[in-house]
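So the sequences go chain by chain: A and B.
So in this note's numbering, spot 12 of the first sequence is number 12, and the numbers just go up one at a time.
So in this note's numbering, spot 374 of the second sequence is number 1374, and the numbers just go up one at a time.
By construction, the Cβ of each residue, glycine as well, lies at the ideal position given by its N, Cα and C atoms.
Small disclaimer: the values here were computed from a predicted structure and weren't measured.
Presented below is the structure to which this report refers.
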Amino acid sequence: MERAIYKTLVAFVLVAATHIILAFLADGTTDQYYQKFILPNSKNLIFGTSRASQGLNPTVLNECLGKQDFQNFAFTLLSSPFGEVYTNAIKNKISTIDSGGYFIVAVDPWSISKWKGKSVAMADSRSILSEIEHFDRKPNLEYLWFKFSYGWGMIAYRKFEKFVLKSNHRFFNRQVNGSFAEVNRDGYLRVYPSLDSSFVALKENRTFGEYLKKSKEMELSSERIESLKKLIQLLNSKGKVFLVRLPVHERMYDIEKHYMNDFDDRILELLAEEKYYINMTDSIFEHTYIDGNHLYYESALDVSQRLAFQIKARRN
Amino acid sequence: MLFNSIEFAIFLPLIFVLYWFIFPKNRKAQNLLLMGASYMFYGWWDWRFLGLILFSSILDFLAGKFIESSKRPKLRKAALSVSLIGNLGLLATFKYYDFFILSLQDSLSVLGVAINLRTLNLILPVGISFYTFQTMSYSIDVYRRKMNATKSLVDFMAFVSFFPQLVAGPIERASSLLPQFGRERVFYYSNFSKGAALILWGLFKKIVIADNAAIYVNQIFDNYELYQGITLFIGAFLFAFQIYCDFSGYSDIAIGTALLFGFELMRNFDYPYFSSSISAFWRRWHISLSSWFRDYLYIPLGGSRGSGFKRQRNILLVFIVSGIWHGANWTFFIWGMLHAIYYQLSSIRIDNRFKRHFMRLPQKGKEMFGILNTFFVVTIAWIFFRAPTISEALDYVRLLFFKGWFFDLHVPTPKAQFAYTIVLLIGFIIFEWCSRNKEFPLELSMYSWKVRWSIYYIVFLLIITFGFYGENEFIYFAF
């Protein structure tokens, strides 16, 4: 029996040590969220869904606005539509800030909508942010234990995979026939998209079909609007808030216009002054999109720069 | 409770500590603990169905006592009949009633007779086919005077509900497992280390091979009309390994877990895909069920005695019952039929030019040909096992062989995961091939501790890297 206990303890230590090492290896390559859960609190933040996560680059904003610590704290439509769960995560993230912050909140018709006949609370319980208490710990064991849906060995494997994919971009991209992604140290989700135009077309069609379906199955949520209103009030008490509507593919924009024609008016109603709403959809034809919904990297840099200039012009 | 769940990872060490440290020399308390733990294990899924296990246990316990004490053959037979009717009645009600009603309605509608019988729409209780067969083996063995009826209800209830093998086998014979509940337990380190290695290997098979294969199996089988040739063959090939790794993985974990508590369960798989004939395959696949049917159905029917016709009839019957045992669907019936045909064809002696050329091949070549041939026909039969209807299975086979260019491969997505699934599967086949003379591949007692622990560690790393960590039940839970 003593031998069995001894060997069990050795195995347990080995298993625990392996997991601890792997936890320290976790970073932006781990998945499309983890890096955002380990960044220190910041005064300058970007909020929104995947459009903002891939479309607003903190490094560009820092350069143009003379800041140092812009962070992208935007997730996905599933995880960060406006609602109690996202607001609580944001409260947590800005808890140490008193004033002087810059907050960019990306909005679109989907992030203030809900599925018809389903409650917001039910939908948001599936968010990656739900039931997470800490967003600034490295390693974030809470996230890895409750939210990371793979074995922790995948952390090391993903690191290796991304290294190979990045170093042989063209060849491997064709092999995997699609995008792979990595979160930068500032929380920006960098997507390396497929170079195959037929694949892009396939993805675009899939996205448009998906959103067309959403437009029939979703509706404006007063609960989400209320949450967004409260979020703006909260952020206003700690700094300047700019709401931004990012450009999307023209077909996607048409779907959105058809779905919620008065979206811009609804957003303006939430703001004290019109100047804090920056609608960038007038430049939709000037950018490239990876799937009709998300900006291509180069376009994201351009949009971030344009946004920074607009903020500069309107901040006073 | 699933073996591949956090709940079980907490449950198992807890019961182990209570069993060996709190009641180390108290057999009765240990059996009571195992019984309680087993009911908890099963009730975790749905406590309402505990009543069925309790019913089956008490019925067979009383039937066994009555059969043993009764002197008159008619009464003995009556008691056995009560046990068989009770157990088969449970199966018929919960598993087959709706199937027979719907099949009857369909058959009559073909004849122009429209009837509308009520179906029960009952949930299939997990593992019902396993524990009813296990308890029936007890009544039959007592009736045949192969064993004495047990006097302890607790021992018997612990035997019926023994959690390592309760929901998906191996289906233990009462004559083998029940006496183990009557013996004092002694802790052997060799049992502990073998049990732990079996659990590790079972987990690897389940969550690395079976669950990754399942992603592509589902994708290909659910959209089979989009594919052709080799892609469909890959779908069937992956399913062959999914079901093998899923089920044998469960058996390995069950055998390993039982060993931790000092119980020896029967071996359920013996590298079945390395069989060079169908008869060998059936001696090595789901051994506990095949041997159950052999002992309690095939031999009582007359076995291989009597005329050739009777023998063929008995074989056909056993395979069909075995097919239907797996589920209430005609696809399982066809699957059983196919195996019966394979089995009968393999017993026909042929003498032609091909055979004479074949006999000149070296032994290794003949063996390899036999293995590939057996694997191929078994894989084709799996299509009927996996497809939801016979017409879809037939369509799948048609597209596999007759649509377009066979080698036109359409790789399913995600492609990177598909690539490592195939690499892992090939590695797994090679590792099993090299270990085929051992009881299981992680039986490494002949190597130094450094080699042993290195291999265990690599398997562990593969599990935490490529394992699937969603909620994936074992396939055989449905049977």
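Do residue j and residue i count as a contact pair if the criterion is CB distance below 8 Å?
i: A/Ile97; j: A/Lys138; result: no
i: A/Ala123; j: A/Trp115; result: yes
i: A/Glu219; j: A/Ser125; result: no
i: B/Tyr1216; j: A/Ser149; result: no
i: B/Gly1169; j: B/Ile1253; result: no
i: A/Leu246; j: A/Ala52; result: yes
i: B/Arg1311; j: B/Ser1304; result: yes
i: A/Phe37; j: A/Ile90; result: no
i: A/Tyr259; j: A/Ser221; result: no
i: A/Ser227; j: A/Thr59; result: no
i: A/Asn205; j: A/Val248; result: no
i: A/Leu78; j: A/Ser130; result: no
i: B/Phe1466; j: B/Leu1425; result: no
i: A/Leu212; j: A/Ile255; result: yes
Out of the options, which has the shortest C-alpha to C-alpha gap to residue i?
i: B/Ile1324; options: B/Phe1385, B/Asn1004 and B/Ser1435; result: B/Phe1385
i: A/Ser299; options: A/Ile311, A/Gln310, A/Glu131 and A/Phe285; result: A/Phe285
i: A/Met154; options: A/Thr59, A/Tyr34, A/Leu212 and A/Pro247; result: A/Tyr34
i: A/Asn41; options: A/Ala16, A/Arg206, A/Val244 and A/Gln71; result: A/Gln71
i: B/Phe1247; options: B/Ala1280, B/Tyr1224 and B/Ile1287; result: B/Ile1287
i: B/Leu1317; options: B/Asn1329, B/Gln1344 and B/Ala1328; result: B/Gln1344
i: A/Arg185; options: A/Tyr276, A/Gly100 and A/Thr29; result: A/Thr29
i: A/Arg251; options: A/Glu269, A/Glu274 and A/Ala201; result: A/Ala201
i: B/Ile1422; options: B/Ser1190, B/Asp1060 and B/Val1208; result: B/Val1208
i: B/Pro1414; options: B/Leu1166, B/Arg1076 and B/Asn1212; result: B/Asn1212
i: B/Trp1405; options: B/Gly1036, B/Phe1233 and B/Ser1175; result: B/Phe1233
i: B/Leu1124; options: B/Arg1118, B/Leu1090, B/Lys1146 and B/Arg1144; result: B/Leu1090
i: B/Tyr1244; options: B/Phe1281, B/Tyr1227 and B/Tyr1224; result: B/Phe1281
i: B/Gln1228; options: B/Val1411, B/Phe1066 and B/Phe1094; result: B/Val1411
i: B/Val1186; options: B/Asn1026, B/Leu1338, B/Ser1107 and B/Ser1137; result: B/Asn1026
i: A/Leu301; options: A/Ser95, A/Arg190, A/Ala26 and A/Lys67; result: A/Arg190
i: A/Arg3; options: B/Ser1069, B/Phe1016, B/Arg1076 and B/Ser1190; result: B/Ser1190
i: A/Leu144; options: A/Tyr277, A/Glu63, A/Leu25 and A/Tyr296; result: A/Leu25
i: B/Asn1437; options: B/Gly1467, B/Phe1274 and B/Trp1453; result: B/Phe1274
i: A/Asp108; options: A/Ile278, A/Glu182 and A/Gly117; result: A/Ile278
i: A/Lys67; options: A/Gly100, A/Glu84, A/Gln32 and A/Asn92; result: A/Gly100
So, under 8 Å CB-CB, residue i and residue j are touching, yes? Tell me the CB distance rounded to an integer number of Å.
i: B/Thr1379; j: B/Ala1210; result: Not really, about 16 Å apart at Cβ, beyond 8 Å.
i: B/Leu1034; j: B/Ala1197; result: Wrong, their Cβ atoms sit about 22 Å apart, outside the cutoff.
i: A/Leu243; j: A/Ile267; result: 6 Å
i: B/Gly1256; j: B/Ile1199; result: 4 Å
i: B/Tyr1042; j: B/Leu1054; result: Not confirmed; about 10 Å, so no contact.
i: B/Gly1086; j: B/Leu1059; result: 5 Å
i: B/Leu1084; j: B/Ile1067; result: About 12 Å separates the two Cβ atoms, so there is no contact after all.
i: A/Phe73; j: A/Leu56; result: Not confirmed; about 10 Å, so no contact.
i: B/Gly1336; j: B/Ser1322; result: 5 Å
The alpha helix (DSSP H) with residue i in it runs from where to where?
i: B/Tyr1343; result: Trp1330 to Ser1346
i: A/Leu45; result: First-last for A/Leu45: Asn44 to Phe47, but that is the beta strand (DSSP E), not the alpha helix (DSSP H).
i: A/Glu84; result: Glu84 to Lys93
i: B/Arg1509; result: Here chain B comprises residues numbered 1001 to 1479, so residue 1509 of chain B is not present and cannot be evaluated.
i: A/Ala181; result: No alpha helix (DSSP H) contains A/Ala181, which is instead part of the beta strand (DSSP E) from Phe180 to Val183.
i: B/Arg1076; result: Pro1073 to Leu1091
i: A/Ala106; result: Per DSSP, A/Ala106 belongs to no alpha helix (DSSP H); it is in the beta strand (DSSP E), Gly101 to Ala106.
i: A/Gly239; result: Premise fails: A/Gly239 lies in the beta strand (DSSP E), Gly239 to Arg245, not in any alpha helix (DSSP H).
i: A/Val60; result: Pro58 to Leu65
i: B/Tyr1143; result: Ile1128 to Tyr1143
i: A/Leu189; result: No alpha helix (DSSP H) contains A/Leu189, which is instead part of the beta strand (DSSP E) from Leu189 to Tyr192.
i: B/Phe1314; result: Residue identity differs from the one stated: residue 1314 of chain B is Asn in this sequence, not Phe. Gly1308 to His1326 is the extent of the alpha helix (DSSP H) around B/Asn1314.
Please list the terminal residues of the continuous beta strand (DSSP E) segment that includes residue i.
i: A/Leu327; result: What is shown of chain A runs 1 to 316, which leaves residue 327 of chain A out entirely.
i: A/Met218; result: Met218 to Leu220
i: A/Gln35; result: No beta strand (DSSP E) contains A/Gln35, which DSSP labels as neither H nor E.
i: A/Tyr277; result: Tyr277 to Asn279
i: A/Trp115; result: Ser113 to Trp115
i: B/Gln1228; result: No beta strand (DSSP E) holds B/Gln1228; DSSP gives it neither H nor E.
Which residues, in chain order, does the stretch 1456-1468 of chain B contribute to contact with chain A at a C-beta distance below 9 Å?
Tyr1456, Tyr1457, Phe1460, Leu1461, Leu1462, Ile1463, Ile1464, Thr1465, Phe1466, Gly1467 and Phe1468
Return the residues of the stretch 1413-1438 of chain B that lie within a Cβ-Cβ distance of less than 9 Å from chain A, sorted by chain order.
Near chain A, meaning a CB-to-CB distance below 9 Å, the residues of the stretch 1413-1438 of chain B are Thr1413, Pro1414, Lys1415, Ala1416, Ala1419 and Tyr1420.
Can you pull out the residues from the stretch 148-163 of chain A whose beta carbon lies closer than 8 Å to at least one beta carbon of chain B?
Ser149, Tyr150, Gly151, Trp152, Gly153, Met154, Ala156, Tyr157 and Glu161
Taking beta-carbon pairs under 9 Å, can you tell me which members of the stretch 1174-1192 of chain B lie near chain A?
Under the 9 Å Cβ criterion, the stretch 1174-1192 of chain B contributes Phe1187, Tyr1189 and Phe1192.
Would you list, in chain order, the members of the stretch 10-36 of chain A that have their beta-carbon closer than 9 Å to a beta-carbon of chain B?
Val10, Ala11, Leu14, Val15, Thr18, His19 and Leu22
Would you list, in chain order, the members of the stretch 117-131 of chain A that have their beta-carbon closer than 7 Å to a beta-carbon of chain B?
Of all residues in the stretch 117-131 of chain A, none has a C-beta nearer than 7 Å to a C-beta of chain B.
Any C-beta of chain B within less than 9 Å: which residues of the stretch 186-202 of chain A qualify?
none
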